[in-house]
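Chains as they are written, first to last, in the working numbering: chain P, -5 to 280; chain S, 763 to 1034. The beta-carbon is built from N, C-alpha and C at its ideal position, and this holds for glycine as well. Keep in mind it's a predicted model, so treat the numbers as computed, not measured. Remarks on the structure that follows.
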Amino acid sequence: MTTAATVSEVRRRFGRTQALDGATFEIGTGVTGLLGPNGAGKTTLLRILATVSAPDSGAVSVFGHDPASASQRVEIRRRLGYLPQDPGFQRGFSAFEFIDYVAILKEMTNRQQRHAEVRRVIDAVDLTSVSGKRVRALSGGMRRRVALAASLLGEPQFLVLDEPTAGLDPEQRLRFRELVSRAGEGRAVFLSTHQTEDVAALCQDVVVLDKGRVLFQGTPSDLSAFAAGRVWLADERVTGAELVWRTGEGRFRHLGTPPSGADLVEPTLEDGYLLLVGRFDEEAAA
Amino acid sequence: MSWHISEQLVASYATGELQGARAASVEAHVMTCAECRSAVNAGVAPERMRGIWSAVEDEVDMPRRSWTERVLATLGMSDSDARLVSAAPSLHTSWLLSLAAVLVFAVWASNSRSDGTTLFLILAPIVPVLAVGGSYGRGIDPTFEVSVASPYPTMRLVLLRSTAVVAASGFLALVASLFVPSGGDVAAWLLPCLALLSITLVVSRWFTLPLAAAGVAAVYALPLLAALANHRDVAHLLLSASLQWVALALAVGCLALLTHDPMLRSALRRNR
Chain P
-5 MTTAATVSEV RRRFGRTQAL DGATFEIGTG VTGLLGPNGA GKTTLLRILA TVSAPDSGAV
55 SVFGHDPASA SQRVEIRRRL GYLPQDPGFQ RGFSAFEFID YVAILKEMTN RQQRHAEVRR
115 VIDAVDLTSV SGKRVRALSG GMRRRVALAA SLLGEPQFLV LDEPTAGLDP EQRLRFRELV
175 SRAGEGRAVF LSTHQTEDVA ALCQDVVVLD KGRVLFQGTP SDLSAFAAGR VWLADERVTG
235 AELVWRTGEG RFRHLGTPPS GADLVEPTLE DGYLLLVGRF DEEAAA
Chain S
763 MSWHISEQLV ASYATGELQG ARAASVEAHV MTCAECRSAV NAGVAPERMR GIWSAVEDEV
823 DMPRRSWTER VLATLGMSDS DARLVSAAPS LHTSWLLSLA AVLVFAVWAS NSRSDGTTLF
883 LILAPIVPVL AVGGSYGRGI DPTFEVSVAS PYPTMRLVLL RSTAVVAASG FLALVASLFV
943 PSGGDVAAWL LPCLALLSIT LVVSRWFTLP LAAAGVAAVY ALPLLAALAN HRDVAHLLLS
1003 ASLQWVALAL AVGCLALLTH DPMLRSALRR NR
């Protein structure tokens, strides 16, 4: 795995809120997922990696380029595809016109080649039939795919996606996984999400962020293993567990220290994530 | 169908050698003759077919050009730059109508109040400044975040859009000047306007463009409006030669600062 980006001791504050508090990790080629609760600093981190924002302190490097330098920042941007959390759209633009507009911003000046590339990415997100429709007339999920298509222009070496599956239906999410999986072959994709199943299905590496700090970096199976021996099923709700919920089969899934004789089950990535973030929150509160 | 296109004609048409009326005749025939259509189809090289399809798709997908885009292209701007510039919010009809409304109010005041011309001289220079503030920036441009993360130089985009919106709003202000009853004095807003625009661009190195424009417009206009409301002789100040010289000096100084800015130079060098 080749290193695409490094983040070292990055701090960023907004007023009284410490959004990032010494975050340190590496992003390699392949798909890396970023998990974390709301307000963990995920969007701030992604905006810094996308060169939209700068850290107060610490160092960031993308393909060996320092985004603090104007000339190196341009080199990063030439290799970057970015999907913001709330992508805006120019008023009155059709899906094709919007993506064409972003293609111009990405220095694609030859009109015929640019249009061919716009058609390619529209086809990749399965929006060819609505490419002539105004973006504002499209559903939320379709708009998300329009913005995703724009981020794929020029087959970027480093793709930064902020909650790309928000608003997508299950079929679209499966198609998205195929798309991102292909984008991560030989290139780097860094995506933030609340969907742990997307991370389990797609990512070779996962970073967990909470309160601006990196709690974990490793493979999805390592994160699942964090909950090994601490997930069990019971017919009744057992007090003392950290988290309990009723499953579709009518049994109760418990996370935490198991009572003797508990019916232990294989932990999922979500179990590992919940226990990791829960433990950190308890430590922070203590 | 009683006759069919000869093999030689099919070959000439398929390679693109056949032109004009004869080509049109072949096309009319293949519309109704499946046998000849199949022959022509088989004769066209896949490479040529792809090229034809690509050109057709390109024509079909051609984005609609707004009126501002057409004007900018007519003035010699490249198609791609014209597209980025015409997306400036303050070039949208709603913005231009709002600015025109401010000027119509100022013209109405100049014709109905004794100090109306002074009011026009205060408001006219800030109209292009506000238009510049509405051309680019967070909260103004819906694609701001995507444009910042792109390799297209931000300074170049700001300058191109600023030039376009100043031309549009300045034209509106000049037309409005024609309806102000004060003879040649009404042109006294031009140099202050140039100075305010230059200061806005310099200040935008530290603040967002909308904030810089709003701040510069407020710092200039609010004290003058307050003085006017207190029946001070603001007209004397606005029409004084010293104010015009100060405005000229500020404009030249700020433009000199901007042209010595390495980021600005780098942005201007692009596409040369």
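Option in the options with minimal Cα separation from residue i
{"i": "residue 1002 of chain S", "options": "S/804, S/834 and S/951", "result": "S/951"}
{"i": "residue 118 of chain P", "options": "P/101, P/103 and P/148", "result": "P/148"}
{"i": "residue 766 of chain S", "options": "S/777, S/778, S/783 and S/802", "result": "S/802"}
{"i": "residue -1 of chain P", "options": "P/227, P/153 and P/261", "result": "P/153"}
{"i": "residue 863 of chain S", "options": "S/992, S/878, S/997 and S/886", "result": "S/886"}
{"i": "residue 1014 of chain S", "options": "S/925, S/786 and S/958", "result": "S/958"}
{"i": "residue 50 of chain P", "options": "P/201, P/6 and P/133", "result": "P/6"}
{"i": "residue 916 of chain S", "options": "P/45, P/160 and P/-3", "result": "P/45"}
{"i": "residue 217 of chain P", "options": "P/125, P/267 and P/139", "result": "P/267"}
{"i": "residue 251 of chain P", "options": "P/116, P/81, P/269 and P/263", "result": "P/269"}
{"i": "residue 126 of chain P", "options": "P/109, P/90, P/74 and P/174", "result": "P/90"}
{"i": "residue 990 of chain S", "options": "S/918, S/1022 and S/883", "result": "S/883"}
{"i": "residue 144 of chain P", "options": "P/71, P/43 and P/115", "result": "P/115"}
{"i": "residue 845 of chain S", "options": "P/151, P/93, P/175 and P/188", "result": "P/93"}
{"i": "residue 157 of chain P", "options": "P/78, P/208 and P/112", "result": "P/78"}
{"i": "residue 289 of chain P", "options": "P/262, P/110 and P/29", "result": "Since the displayed chain P opens at -5 and closes at 280, residue 289 of chain P lies outside it and no answer follows."}
{"i": "residue 289 of chain P", "options": "P/197, P/258 and P/95", "result": "The question about residue 289 of chain P has no answer here: the residues shown for chain P are numbered -5 through 280."}
{"i": "residue 822 of chain S", "options": "P/110, P/99, P/36 and P/191", "result": "P/110"}
{"i": "residue 807 of chain S", "options": "S/772, S/975, S/914 and S/859", "result": "S/772"}
{"i": "residue 225 of chain P", "options": "P/245, P/212 and P/41", "result": "P/245"}
{"i": "residue 849 of chain S", "options": "P/70, P/68, P/73 and P/96", "result": "P/96"}
{"i": "residue 52 of chain P", "options": "P/74, P/16 and P/40", "result": "P/16"}
Supposed close pair residue i, residue j - CB separation, criterion 8 Å
{"i": "residue 183 of chain P", "j": "residue 26 of chain P", "result": "7 Å"}
{"i": "residue 847 of chain S", "j": "residue 940 of chain S", "result": "Not really, about 27 Å apart at Cβ, beyond 8 Å."}
{"i": "residue 271 of chain P", "j": "residue 248 of chain P", "result": "In fact, because the Cβ distance is near 17 Å, the residues do not count as touching under 8 Å."}
For residue j and residue i, the rounded distance between their alpha carbons
{"i": "residue 855 of chain S", "j": "residue 888 of chain S", "result": "19 Å"}
{"i": "residue 283 of chain P", "j": "residue 242 of chain P", "result": "Any question about residue 283 of chain P goes unanswered here, given that chain P covers just -5 to 280."}
{"i": "residue 1017 of chain S", "j": "residue 87 of chain P", "result": "35 Å"}
{"i": "residue 840 of chain S", "j": "residue 969 of chain S", "result": "29 Å"}
{"i": "residue 810 of chain S", "j": "residue 820 of chain S", "result": "15 Å"}
{"i": "residue 13 of chain P", "j": "residue 193 of chain P", "result": "23 Å"}
{"i": "residue 19 of chain P", "j": "residue 804 of chain S", "result": "58 Å"}
{"i": "residue 282 of chain P", "j": "residue 31 of chain P", "result": "A question about residue 282 of chain P goes unanswered here, because the residues of chain P that appear run from -5 up to 280."}
{"i": "residue 43 of chain P", "j": "residue 54 of chain P", "result": "7 Å"}
{"i": "residue 129 of chain P", "j": "residue 82 of chain P", "result": "10 Å"}
{"i": "residue 113 of chain P", "j": "residue 816 of chain S", "result": "10 Å"}
{"i": "residue 256 of chain P", "j": "residue 237 of chain P", "result": "15 Å"}
{"i": "residue 782 of chain S", "j": "residue 790 of chain S", "result": "12 Å"}
{"i": "residue 175 of chain P", "j": "residue 24 of chain P", "result": "8 Å"}
{"i": "residue 151 of chain P", "j": "residue 207 of chain P", "result": "26 Å"}
{"i": "residue 838 of chain S", "j": "residue 35 of chain P", "result": "46 Å"}
{"i": "residue 892 of chain S", "j": "residue 100 of chain P", "result": "28 Å"}
{"i": "residue 1 of chain P", "j": "residue 62 of chain P", "result": "13 Å"}
{"i": "residue -3 of chain P", "j": "residue 956 of chain S", "result": "50 Å"}
Residues that DSSP places opposite residue i in a beta bridge
{"i": "residue 272 of chain P", "result": "Note: residue 272 of chain P sits in no beta bridge, so no partner."}
{"i": "residue 76 of chain P", "result": "P/154"}
{"i": "residue 17 of chain P", "result": "P/4"}
{"i": "residue 246 of chain P", "result": "P/228 and P/240"}
{"i": "residue 54 of chain P", "result": "P/1"}
{"i": "residue 128 of chain P", "result": "P/88"}
{"i": "residue 281 of chain P", "result": "It is not possible to answer for residue 281 of chain P, since the shown part of chain P is limited to -5 through 280."}
{"i": "residue 991 of chain S", "result": "Partner(s): none; residue 991 of chain S has no beta bridge."}
{"i": "residue 207 of chain P", "result": "P/204"}
{"i": "residue 183 of chain P", "result": "P/25 and P/153"}
{"i": "residue 1037 of chain S", "result": "Outside the displayed range of chain S (763 to 1034) lies residue 1037 of chain S, so it cannot be described from this structure."}
{"i": "residue 12 of chain P", "result": "P/7"}
Exposure of residue i, with buried meaning 16 or more beta-carbon neighbours within 10 Å
{"i": "residue 170 of chain P", "result": "buried"}
{"i": "residue 814 of chain S", "result": "exposed"}
{"i": "residue 239 of chain P", "result": "exposed"}
{"i": "residue 770 of chain S", "result": "exposed"}
{"i": "residue 84 of chain P", "result": "buried"}
{"i": "residue 954 of chain S", "result": "buried"}
{"i": "residue 768 of chain S", "result": "exposed"}
{"i": "residue 189 of chain P", "result": "buried"}
{"i": "residue 282 of chain P", "result": "Because chain P is modelled from -5 through 280, residue 282 of chain P falls outside the range shown and cannot be assessed."}
{"i": "residue 3 of chain P", "result": "exposed"}
{"i": "residue 260 of chain P", "result": "exposed"}
{"i": "residue 948 of chain S", "result": "buried"}
{"i": "residue 254 of chain P", "result": "exposed"}
{"i": "residue 824 of chain S", "result": "exposed"}
{"i": "residue 857 of chain S", "result": "buried"}
{"i": "residue 48 of chain P", "result": "exposed"}
{"i": "residue 102 of chain P", "result": "buried"}
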